[in-house]
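Below is one structure, written out as structure tokens; comments come after it.
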Amino acid sequence: MASTSKNSSALTCQDLFLPESLVRLVIKICKSYNISKYDQFSILDTLNFALFNDFKESLSKDAFKDEEKMYIMILNIIRLCEKFNNSSSSFAKKIDTIFKELGINKNVYNVSELESYKMMDYEVKNPVVLEAIYDFVENNLNSNDQKNQVFDFSNDLLVLVYLWKDSIFNRLLKTMSHEDSIKIIKNQKLQAVAVFFVVLKILNNSKYNEIFEKITNEMKEEITEKEVNQLCAVIFGLIQNNKSA
Numbered sequence: 262m263a264s265t266s267k268n269s270s271a272l273t274c275q276d277l278f279l280p281e282s283l284v285r286l287v288i289k290i291c292k293s294y295n296i297s298k299y300d301q302f303s304i305l306d307t308l309n310f311a312l313f314n315d316f317k318e319s320l321s322k323d324a325f326k327d328e329e330k331m332y333i334m335i336l337n338i339i340r341l342c343e344k345f346n347n348s349s350s351s352f353a354k355k356i357d358t359i360f361k362e363l364g365i366n367k368n369v370y371n372v373s374e375l376e377s378y379k380m381m382d383y384e385v386k387n388p389v390v391l392e393a394i395y396d397f398v399e400n401n402l403n404s405n406d407q408k409n410q411v412f413d414f415s416n417d418l419l420v421l422v423y424l425w426k427d428s429i430f431n432r433l434l435k436t437m438s439h440e441d442s443i444k445i446i447k448n449q450k451l452q453a454v455a456v457f458f459v460v461l462k463i464l465n466n467s468k469y470n471e472i473f474e475k476i477t478n479e480m481k482e483e484i485t486e487k488e489v490n491q492l493c494a495v496i497f498g499l500i501q502n503n504k505s506a
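Going by the working numbering, the sequence shown opens with residue 262, and the numbers climb by one from there.
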């Protein structure tokens, strides 16, 4: 794994975010074991932090060279997230069964669990983007039916945004500087706003302009209208491309 200590001008999406294949793996595991969407995004954010923050520089890099160790570490992070987010979950026991089926000694993955916990900096990340979308829905929409529809749609689109990080970044690079592209792709609040507005636009929400003005005004210290429009346009473009594929 590349270090995030690189100069920002040399950073690529691969230096900042989980590869699409790993995001798909986590989503598949979460779906197989009925893990909630909230926990799914918490796992993805925690795993992203563990793999890409500078804290990992103090840890052994052998885990990143050995495929089995990497797989154990990923499963342990998923298990730790479920332990913290959902203490009643039976997922931890199911992971134990997976390790057993793979013929991995319990002592090996117990040691790996401690190292994984260190890589997480001893905490599970809240799914900031999902929580922000929930707040936008609650504070700007009226009927429960409308709220449920927009939030469910936003959940589905957010999954795609996690999968499309590389494509989003490359499209941003076509219209702006590398530095600005990095700034946008790393801004979680901006991602939440963009997903929310793309969904409102697709659903032809009659109050789109009013809500857009309200939220961009309230968040003018964190985001700009131009950034929102740029990211929305990129996400729209990817949706259209995937429709025609």
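Don't be surprised by glycine CBs; every beta carbon is placed ideally from N, CA and C.
Quiz prompt | Coil, strand or helix - Glu399 by DSSP | solution = helix
Alpha carbon to alpha carbon, how far is Ile356 from Asn478?
46 Å
As a quick exercise: from Val284, Asn366, Val389, pick the residue whose alpha carbon is nearest that of Ala453.
Val389
- prompt: What number of angstroms, rounded off, separates the C-alpha of Ile288 from the C-alpha of Gln301?
  reply: 7 Å
- Item | Among Phe397, Asp441, Ile443, Glu483, nearest to Val459 - alpha-carbon criterion | Phe397
- Message: Considering Cα atoms alone, identify which of Phe497, Asn466, Glu482, Gln449 is closest to Leu277.
- Response: Gln449
Practice task
Using alpha carbons as the reference points, say which of Tyr294, Ser293, Ser297, Leu305 lies closest to Glu281.
Solution key: Leu305
Would Glu471 be called buried (16 or more neighbouring beta carbons within 10 Å of its own) or exposed? exposed
| message | Tell me the residue span of the alpha helix (DSSP H) that contains Asp306. | response | 298-313
query: Do you know whose CA, among Val495, Ser467, Leu464, Leu451, lies nearest Glu482's CA?
result: Leu451
Would you please state the rounded distance, in angstroms, between the beta carbons of Leu279 and Asn309? I believe it to be under 8 Å. 5 Å
task = Compute the distance between the beta-carbons of Ile333 and Ile365, then report whether it is under 8 Å.
result = yes
Can you name, in chain order, every residue of its own chain whose Cβ lies under 8 Å from the Cβ of Gln410, other than the five neighbours on each side? Leu464
Within 10 angstroms of the Cβ of Leu419, are there 16 or more other Cβ atoms? Answer buried if so, exposed if not. buried
*Which class does Asn431 belong to by DSSP, given the choice of helix, strand or coil?*
helix
Assuming Ala455 and Ser377 make a contact with CB atoms under 8 Å, what is their CB distance in whole Å?
-> Wrong, their Cβ atoms sit about 31 Å apart, outside the cutoff.
**Report entry** Beta-carbon contacts of Met381 that lie in its chain and below 8 Å, excluding the five residues immediately before and after
**Finding:** Thr307, Phe310, Ala311, Ile338, Leu341
Close beta carbons around Phe352, own chain, < 7 Å, minus the five adjacent residues each side
Tyr294, Ile296, Arg340, Glu343
Practice prompt. Using a threshold of 8 Å, state whether the C-beta atoms of Lys475 and Tyr469 are closer than that.
Written response: no
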